[in-house]
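Some notes on the structure that comes next.
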Amino acid sequence: MQISNFSIKQLTVIASVMMAVTFVLFYLTFRYFWTYDTAVELAIDRQNEEVRRVKTLIHLQKNDLAKSISDYAAWDEVVDFIEGNNDDLLVDSINEHSFSALQINGVFIFDADVSLMWGRMYDYIYKQELSYDEIRYKFGALLAESLRSRTDRITPFVRFLVLNEQPHLLATSRVCNSDGIDCDKGYMMILKPVGETFSRTLQQATGLQVHIKTKRDDDTILDHAQDNISIIEKNDYRNDETVFLEIHHSVKLPPFITWGELSAVLAFAVFMFAFNLSVVHIMVRPIKRARRALDQLMSGESSQLTQQDTFISYEMRDFVYRVNEVISQLESKQQELEWIAHHDALTKVGNRRSLQQHWQTLVEKQPKHTSLLLIDIDYFKPFNDHYGHVEGDNVLQQVATALKEASTESSKFVARFGGEEFCVVLSNDSPINNRQEAEWLRAAVETLKIRHHYSPIAAHLTASIGVADCGLQPLGDLQDLFLVADRALYEAKDAGRNQVVIHLSER
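The working numbering numbers the first residue of the sequence shown as -16 and each following residue consecutively.
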């Protein structure tokens, strides 16, 4: 059979079938050798990122609880209670409202000999008393880390604990004076449930379904070799694995090919076949019309070729114009969404996501000198309580603007870290004068002259700054640097606030 014996339409059918079959085979081959492995690796990376997000939130929850017990343990009223001079503490400061505000269900106060002065387990949701018989004779073991801790500064410890068959966070600390030193007054312990409420908090913050289980809930929890599920194991105060967080990933490991995808590929192949036939039909139709016109001309009849190119071109131009208009609108919306995703809606400075991206950029560039500054507005809660949240939001906006516009000799990135805390990243190829840069930022807040009659240190709004100086070290994990800056910030607060404390990051 010779090709010359086929018509254009027949040749088009054969070519269309070959093209469709080739497309399907090429797609399956390409997916098998390239896209599938890439998709699996990308899914695993995203699942690991989801696990890191959950771990970060757990770390933040533990830090919040550590901060809460540090605030109580460095309170003269607690010392007075242990010494028998302040019975109003239980009425004014450690009451049902305190349990609800801190989302805790247990508080215990001990004297220096680890004798229980006062303890209470209370369900703030159902407003009922709970039993703590399960740990009544384990106080020594629960306080072991605090018993071995230093007495010249406050050192909180946070561990997981299974109590009454429910997972909890256990925070312990020595009781100190209000300066956070002389920590030999007694001991304090706080319990926070990490059940359904904690799971909902994780789900709202990460968008992931997280189940918190204990070893008693599922003795086979360690056999978790399941796709799309990760397990985070947490040790209790005895270093036993008793609490497990089961993360159901939103990003699923892709199958090699789904029936829906295969159907779509076959449907596209059929579409290509039909499309090719249609294109050939459109291309051949003018030829047929021209042939008829020539036949009519040869027979002596008058004829005129129909010019359709003008009409087709107009429709295509109109189609392209409308498509470009839609794309322009989509790009505009995309830019707006990208801005929202990388900025804090209230203060218009960067958010945690943009901070992480900026840090990754610095890690890739490795500038010679980098510093991270944590800035906390002094006594912002009393400001909010007395002037109102609307005025508090205005203050956050003014402070963010002042930080952005403050003088600097380095590249500066400003982000809102959360609440009244801001984070500033400085980078430079020349040495950074951290003291000068931080003082400029602190002075920028103070220069705003925002009245604050409820601050015990000044008549106007001030800020404390903790600085983590990387020196000449290669940049590493941002979380480690946060811990250094956070410790410096706490020292600035303990030293009276409205000042700068600098720590050198050591790796």
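C-beta: ideal position from N, C-alpha, C; glycine also.
CA-to-CA, the gap between residue 251 and residue 2 works out to about 11 angstroms.
The Cβ-Cβ distance between residue 156 and residue 139 falls below 8 angstroms.
Distance from the CA of residue 85 to the CA of residue 51, rounded to the nearest whole angstrom, comes to 8 angstroms.
Three or more pairs of CB atoms, one per stretch, sit closer than 8 angstroms, so the segment 349 to 361 contacts the segment 399 to 419. Residue burial is scored here from C-beta neighbours: residue 130 has fewer than 16 other C-beta atoms within 10 angstroms and is therefore classed as exposed.
Distance from the CA atom of residue 431 to the CA atom of residue 466, rounded to whole angstroms, is 29 angstroms. The DSSP assignment places 372 to 388 as complete runs of the alpha helix (DSSP H) inside the segment 368 to 397, in order along the chain (cut-off: 4 residues). Out of 184, 255, 399, 342, the CA that lies nearest to the CA of residue 37 is found in 184.
Shown here, residue 349 sits in coil according to DSSP, grouped into three states, outside any helix or strand. Scanning its chain for C-beta atoms nearer than 6 angstroms, with the 5 sequence neighbours on each side dropped, one finds around residue 358 the residues 405, 446, 448, in chain order. Taking 8 angstroms as the cut-off, the Cβ atoms of residue 141 and residue 22 do not count as close. Taken atom to atom, the span from the alpha-carbon of residue 454 to that of residue 461 is near 15 angstroms. For residue 102, the enclosing beta strand (DSSP E) stretches over residues 99 to 106. Our two residues, residue 227 and residue 145, have alpha carbons roughly 11 angstroms apart in a direct line.
Along the segment 127 to 203, the alpha helix (DSSP H) occurs as fully enclosed runs of 4 or more residues at 127 to 130, 179 to 189, listed in sequence order. The alpha-carbon separation between residue 69 and residue 75 amounts to approximately 10 angstroms. When only Cα atoms are considered, residue 317 and residue 323 end up about 10 angstroms apart.
Of the residues assessed, residue 336 falls on the exposed side of the cut-off, its CB having fewer than 16 other CB atoms within 10 angstroms. Under a 10 Å Cβ-count criterion, residue 105 is classified as buried, with 16 or more other Cβ atoms of the shown protein chains found around its own Cβ. Its Cα nearest to that of residue 220, the residue 128 stands out among 128, 7, 165, 259. When the five nearest sequence neighbours on each side are left out, the beta carbons in the same chain lying within less than 7 angstroms of the beta carbon of residue 181 are those of 195, in order along the chain. About 18 angstroms separates the beta carbon of residue 342 from that of residue 391, a gap too long to meet the 8 angstroms contact definition. The Cβ-Cβ distance between residue 95 and residue 159 does not fall below 8 angstroms.
Partner residues in the beta bridge of residue 411, as assigned by DSSP, are 352.
Residue 431 sits in coil when the DSSP states are folded into three classes, being neither helix nor strand. At a Cβ-Cβ threshold of 8 angstroms, residue 249 and residue 7 count as neighbours.
Under the three-state reduction of DSSP output, residue 27 falls in the helix class. Counting only the Cα atoms, residue 393 lies some 32 angstroms from residue 47.
Ranked by how close their Cα comes to the Cα of residue 88, the residues 154, 72, 124 have 154 in first place. Taking C-beta separations shorter than 7 angstroms and ignoring five residues to either side along the sequence, the partners of residue 164 in its chain run 135, 136, following chain order. In the structure shown, the three-state DSSP call for residue 445 is coil. When the five nearest sequence neighbours on each side are left out, the beta carbons in the same chain lying within less than 8 angstroms of the beta carbon of residue 147 are those of 113, 114, 117, in order along the chain. At the C-beta level, residue 230 and residue 34 come within 8 angstroms of one another. Between residue 122 and residue 99 a beta carbon distance of about 7 angstroms is seen, short of the 8 angstroms cut, so the two are scored as contacting. Taking residue 168 as reference, the option from 214, 242, 62 with the minimal CA-CA separation is 62.
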